[in-house]
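Q: Please find one structure pasted underneath; my questions will follow.
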Amino acid sequence: MTVWTRSALHQKGLVRSAEGSDQEPIPFALVERNGRGLCLRAVNGAAQRLGLWRGQSQADARAMAPDLVTVPADPAAETLALQRLALWAERFSPCVALMAEGPAMEGLALDMTGGTHLFGGETAFIAAFEARLAKAGILARVAMADSLGAAWALARFGGMAQIAPVGGAREALADLPVEALRLEPEAVTLLKRFGLQRIGDLYPLPRAGLARRFRGPRAGAMGLKVVERLDQALGFRAEPVVPVRPPPAYRSFQVFAEPITETAGVALYLPDLAKALAEQLQRDGQGARRLTLTGYRVDGATTSIEAGLSAASAQPSHLLRLLKEKGLEALDLGFGIDALMLSAPVAEPYQTQQEGLDGERSATEAAALAGLIDRLQARLGEDAVQTPRPRGSWLPERSEGWDAASGLGFGAFDPVLRPRPILLFHPPERVEAIAELPDSAPARFTWRRVARRVVRAEGPERIAPEWWRLSPASPRAPRTRDYYRIEDETGRRYWLFREGLYGREDQDRTPEWWLHGVFA
Amino acid sequence: MSDPPSFPEGFPVPERGLEEVAAAEPQDLAAALAFALLRVSPEPDKGVPRPGLFVAAKAWLRERGRPFAQGWQMPTLSSGGLIVVAVADERQVIWALEEALKSGAVGGAVAALSAPDFVATRRLAFAAKAGGAAAAILRTTGAEGLSAAWRRWRIGSLASAPQAFDVRAPGPARLRAELTRRRDGLPGVWELEWDDDRRIWRDAKSGPAAAQQARGLRLAAGLARDGLDPFGPSSEGPRQVG
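Just so you know, the sequences run in chain order A and B.
For what it's worth, our numbering labels the leading residue of the first sequence as 55, then goes sequentially.
For what it's worth, our numbering labels the leading residue of the second sequence as 34, then goes sequentially.
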């Protein structure tokens, strides 16, 4: 059985309409600007009693009710409020969808299949749901039927009938007006013009004629969808429901008789939740990769904290520690929460680890390494995780290439026979150096504005230029480098090179000194 | 390579856990990094050693230089491999280091951080313990503030040891390692010297003096080992290949 609950929110500006509609019946409306100027977008009960309706122009409404209070509508805020409510409604069903296909269609849809007995049956459930919404200051009507369309119709037009029994949608809808089919205004007008007032009037009509007649003004378009809507309401045509967020495969739930207002209370119930969740996970051989702890507040809002796991885990203690590390204080309990849900939105197979044999990198170690690299790359970017590989070049900056780490293998470096620095500056940094002889090691040099006296020097290690790599960007011929390993008077060791040979290379450029690295 | 590492007396052997290595002055960073690499290279387990990891913010790499693998004397590097992670900020450095340590996939990790808070270091210490890895936080500035690191070091560069074959050339690198805080004993100060033959850090007090005295002996040994080529491939003296 598929049961749909439909809560029609008669008050649109959920947040804003709170001001004064119930206690003091001031007619209140949200207005929006459309093709016909300022029109009412939503009206409260007092305004309704005065005969104002949605879609009426503001000028007309003001004429009918001079003391009407209007506020410009904020559709984005309305959607947000509805979304927030949808998250809160997840305490009743893991699958809550937002209905906002058209104007005046906003609402929530809950898939309550097989779930109402948890709340004491369908009638009790609907009463509890409405009571909770009312407590949070939200006027709403809830209805339940086999199909989304039927539930929608009952919620809006059902009157006292809020539940269509299984297979009873046809009878339940027969007496409702055709507006209850979620039709476009043109279609409703047309139907009424034909004298088709009730949904039941449509039942005996030949479907082919109905479809042809309501093809709509635009040729080739979908038409006015009368048959389609009718089929959806009667359950002949499937209607997809996209939940606000995918229902978690694993979740554990705790409802409290009295709202919890303190973090300590949450911490008290958390171990049981973690244990229940872990049991579900372990039963399926799964481990959580992501954890969400959601608190359902009494005022129709939710608060949650999330934690990511680097490796799938189904250990209650681990899950618990993770959430506590994340900080339960981050939960905004407001006036209290009356339900807590711990869910694992992302889970994956969990493998018990086995020790590897000696002599080779064990399979688990390799898997751990691959997993680590994956995670680092996922979070930091593909090029953030690198591994050096030797390359066939004597130029230091070209002698090692940096590849994205894969975990499959690493470049094997031969033991270096020449002194090589531990940190390399790339590009090299310009230094001012003074040498006693043109071709000798520098006697003093200035790097980063600090003058350093050279005490000992070793070199040169001459690295010939790679003339075959002449790049179009720098058309000058690369010059020979003479590398010196240098120690200054404070005992720090540097790798300097002189680019160019005096009088032999590139006559118009004097040789330049660069610092390329530092030694330990 | 058969001789055991000759650490000075009382020098704590590298082991798994979190340590903090700070450069005495910003210019001593290279020495501090070299020392950090020593600290995160515990005696390898059986089998292939796990790779090493170096994490730093991109700004750090630009400012202070990027790792040059050929200059890294990390024992795990030759067979275990090296992973360098360049991230946007310090928060990510901490995150990446913690992930790496926790995963148990790396044997040793060095992270360049300026001022990790106590909670972060505590998490890192737990992660290192959980992953059976040795980790070092490399700090450019002094090691102030609370830290959960097992040991805290201050590393300064020292003038190198005399070069056996060329008095004007820098000899084996030396550094001064000051153990400013440790949880398992008294602080201390050691002077270490890089032994290029054995590719280890050794006690500078005994090593160089012995080397100076036994210069002829060492030369002879080098001759014998390197096949009568005392000058080796470079002018620094005999080296052992492999």
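For glycine and all other residues, C-beta sits at the position ideal for the given N, C-alpha and C.
It should be emphasised that the depicted structure is a prediction, and the values quoted were computed from it without experimental measurement.
1) Which residues in chain A have a C-beta closer than 9 Å to the C-beta of Trp186 (chain B)? List them in chain order.
2) With C-beta atoms as the reference, is Leu235 (chain A) less than 9 Å away from Leu202 (chain A)?
3) Since Leu179 (chain B) and Ala144 (chain B) should fall inside the 8 Å C-beta cutoff, what is the C-beta to C-beta distance between them, to a whole number of angstroms?
4) Examine the Cβ distances between the region 327-334 of chain A and the region 357-376 of chain A and report whether three or more of them are shorter than 8 Å.
5) Any C-beta of chain B sitting closer than 9 Å to the C-beta of Gln440 (chain A)?
6) Does Thr544 (chain A) have its Cβ less than 9 Å from a Cβ in chain B?
7) Let me know if Met118 (chain A) comes out buried or exposed under the rule of 16 or more other beta-carbons within 10 Å of its beta-carbon.
8) Check the DSSP bridge columns for Asn88 (chain A) and list the partner residues they point to.
9) I'd like the list of long-range same chain contacts for Trp107 (chain A), defined as Cβ closer than 6 Å, with 5 residues on each side in sequence excluded.
10) Anything in the region 113-131 of chain B with a Cβ closer than 7 Å to a Cβ of chain A? List those residues in chain order, please.
11) Which of the three DSSP states is assigned to Asp412 (chain A) in this structure?
12) Going straight from the alpha carbon of Gly249 (chain B) to that of Val200 (chain B), what length do you get?
13) Measure the C-alpha to C-alpha separation of Gly175 (chain A) and Val196 (chain A) and round it to an integer number of angstroms.
14) Counting C-beta neighbours from all protein chains within 10 Å, is the total for Met198 (chain A) 16 or more, i.e. buried, or is it exposed?
15) For Ser453 (chain A), which residues in chain B fall below 8 Å Cβ to Cβ?
16) Specify whether the region 287-295 of chain A and the region 133-143 of chain A touch according to this definition: at least 3 beta carbon pairs, one from each stretch, less than 8 Å apart.
17) Starting from the Cα of Ile488 (chain A), find the closest Cα among A:Thr500, A:Pro481, A:Gly354 and give me that residue.
18) Quick check on Ser306 (chain A): does DSSP put it in helix, strand or coil?
19) Quick check on Ala243 (chain B): does DSSP put it in helix, strand or coil?
20) Would you report the Cα separation of Ala130 (chain A) and Gly388 (chain A), rounded to the nearest angstrom?
21) Anything in chain A within Cβ reach of Gly43 (chain B), meaning under 8 Å, just list it in chain order.
22) Got a sec? Which residues, its chain only, sit under 6 Å from Arg535 (chain A) by beta carbon, not counting five neighbours each side?
23) Ala96 (chain A) to Gly381 (chain A), Cα distance in whole Å?
24) For a contact defined as C-beta to C-beta under 7 Å, what are the partners of Arg83 (chain B) on chain A?
25) Looking at the structure shown, is Pro100 (chain B) part of a helix, part of a strand, or coil, going by DSSP?
26) Excluding sequence positions up to five away, which residues of its chain have a Cβ less than 6 Å from the Cβ of Ala64 (chain B)?
27) Would you kindly check if the distance between the Cβ of Arg95 (chain B) and the Cβ of Thr173 (chain B) is under 9 Å?
28) Compare the C-beta of Arg344 (chain A) with all C-beta atoms of chain B and state if any pair is closer than 9 Å.
29) Pick helix, strand or coil for Phe211 (chain A), following the three-state DSSP scheme.
30) Work out the CA separation of Val309 (chain A) and Gln216 (chain A) for me, nearest whole Å.
31) Mind checking which residues open and close the alpha helix (DSSP H) that includes Gly99 (chain A)?
32) Using a Cβ-Cβ cutoff of 9 Å, what residues of the region 510-538 of chain A are near chain B? List them in chain order.
33) Just the C-alpha distance for Glu240 (chain A) and Arg252 (chain A), rounded to the nearest angstrom, thanks.
34) Short of 8 Å in beta carbon distance, which residues of its chain neighbour Asp437 (chain A), apart from the five on each side in sequence? Order them along the chain.
35) Quick one: is Ala505 (chain A) near chain D, going by C-beta distance under 9 Å?
36) Hey, is Gly178 (chain B)'s beta-carbon within less than 9 Å of any beta-carbon in chain A?
A: This is what the structure gives:
1) Locating residue 186 (chain B) in the second sequence gives position 153, where the first residue counts as 1. Ordered by position in chain A, no residue passes the 9 Å Cβ test against Trp186 (chain B), which lies about 14 Å from the chain.
2) By one-based count along the first sequence, residue 235 (chain A) stands at place 181. By one-based count along the first sequence, residue 202 (chain A) stands at place 148. No, the Cβ-Cβ distance between Leu235 (chain A) and Leu202 (chain A) is not below 9 Å.
3) In the second sequence, counting from the first residue as 1, residue 179 (chain B) sits at position 146. In the second sequence, counting from the first residue as 1, residue 144 (chain B) sits at position 111. 17 Å between Cβ atoms; not a contact.
4) yes
5) Within the first sequence, residue 440 (chain A) is the residue found at index 386, counting from 1. Yes, its Cβ sits closer than 9 Å to a Cβ of chain B.
6) Translated into positions along the first sequence, residue 544 (chain A) becomes position 490. Yes, Thr544 (chain A) counts as interfacial toward chain B.
7) In the first sequence, counting from the first residue as 1, residue 118 (chain A) sits at position 64. Flag for Met118 (chain A) reads exposed.
8) Your numbering for residue 88 (chain A) matches position 34 in the first sequence. Beta-bridge pairing links Asn88 (chain A) to A:Gly91.
9) Here the question's residue 107 (chain A) lines up with position 53 in the first sequence. Nothing listed; no residue qualifies.
10) Gly114, Leu115, Ile116, Val117, Val118, Ala119, Val120, Gln125, Ala129
11) Walking along the first sequence from the start, residue 412 (chain A) turns up at place 358. Unreliable placement is indicated for Asp412 (chain A), whose pLDDT of 47 sits below 50; the coordinate value is still reported in the next sentence. If DSSP states are grouped into helix, strand and coil, Asp412 (chain A) belongs with coil.
12) Numbered from 1 along the second sequence, position 216 holds the residue referred to as residue 249 (chain B). Numbered from 1 along the second sequence, position 167 holds the residue referred to as residue 200 (chain B). Residue placement at Gly249 (chain B) cannot be trusted, given a pLDDT of 45 that sits under 50; what the coordinates show is reported in the next sentence. Distance between the alpha carbons of Gly249 (chain B) and Val200 (chain B) is about 15 Å.
13) Position 121 of the first sequence holds residue 175 (chain A). Position 142 of the first sequence holds residue 196 (chain A). Between Gly175 (chain A) and Val196 (chain A), the C-alpha separation is close to 14 Å.
14) Reading the first sequence from its first residue, position 144 is the one you call residue 198 (chain A). Buried, since its Cβ has 16 or more Cβ neighbours within 10 Å.
15) By one-based count along the first sequence, residue 453 (chain A) stands at place 399. Simply Gln103.
16) no
17) Mapped onto the first sequence, residue 488 (chain A) falls at position 434. Among A:Thr500, A:Pro481, A:Gly354, the Cα nearest to that of Ile488 (chain A) belongs to A:Thr500.
18) Against the first sequence, residue 306 (chain A) aligns to sequence position 252. Strand at Ser306 (chain A).
19) Position 210 of the second sequence, counted from the start, is the residue given in the question as residue 243 (chain B). Because the pLDDT of Ala243 (chain B) is 49, which lies under 50, any placement of that residue in the model is unreliable, and the number read from its coordinates should be weighed accordingly. Three-state result, Ala243 (chain B): helix.
20) What you label residue 130 (chain A) is simply residue 76 of the first sequence in a count that begins at 1. What you label residue 388 (chain A) is simply residue 334 of the first sequence in a count that begins at 1. So the two alpha carbons sit approximately 24 Å from each other.
21) The residue labelled residue 43 (chain B) in the question sits at position 10 within the second sequence. Those do not exist, as Gly43 (chain B) stays about 22 Å from chain A at its closest Cβ, beyond 8 Å.
22) As a first step, residue 535 (chain A) is located in the first sequence; it is residue number 481 there, counting from the start. Taken in chain order, the residues that qualify are Ile517, Phe551, Glu553.
23) The residue you call residue 96 (chain A) lines up with position 42 of the first sequence. The residue you call residue 381 (chain A) lines up with position 327 of the first sequence. Each residue's alpha carbon lies about 41 Å from the other.
24) As a first step, residue 83 (chain B) is located in the second sequence; it is residue number 50 there, counting from the start. Glu419, listed in chain order.
25) Counting from one through the second sequence, the residue named residue 100 (chain B) turns up at place 67. Strand.
26) Locating residue 64 (chain B) in the second sequence gives position 31, where the first residue counts as 1. Answer for Ala64 (chain B): Ile188, Ser190, Leu208, listed in chain order.
27) As a working mapping, residue 173 (chain B) is identified with position 140 in the second sequence. As a working mapping, residue 95 (chain B) is identified with position 62 in the second sequence. Result no, Cβ atoms of Thr173 (chain B) and Arg95 (chain B) do not sit closer than 9 Å.
28) Taking the first sequence and counting its residues from 1, the one referred to as residue 344 (chain A) is at position 290. Not closer than 9 Å to any Cβ of chain B, the Cβ of Arg344 (chain A) fails to qualify, so no.
29) In the first sequence, counting from the first residue as 1, residue 211 (chain A) sits at position 157. It is helical.
30) For the purposes of this step, residue 216 (chain A) is identified with residue 162 of the first sequence, where counting begins at 1. For the purposes of this step, residue 309 (chain A) is identified with residue 255 of the first sequence, where counting begins at 1. Whole-angstrom Cα-Cα distance: 26 Å.
31) One-based indexing of the first sequence puts residue 99 (chain A) at position 45. 99-103 is the extent of the alpha helix (DSSP H) around Gly99 (chain A).
32) Arg510, Ala511, Glu512, Gly513, Glu515
33) By one-based count along the first sequence, residue 240 (chain A) stands at place 186. By one-based count along the first sequence, residue 252 (chain A) stands at place 198. Their backbone Cα atoms lie some 16 Å apart in a straight line.
34) Position 383 of the first sequence, counted from the start, is the residue given in the question as residue 437 (chain A). Excluding residues within five positions, the ones whose Cβ falls inside 8 Å are Ala458.
35) Reference to chain D is not applicable here, since the protein chains of this structure are A and B.
36) Your numbering for residue 178 (chain B) matches position 145 in the second sequence. Not an interface residue.
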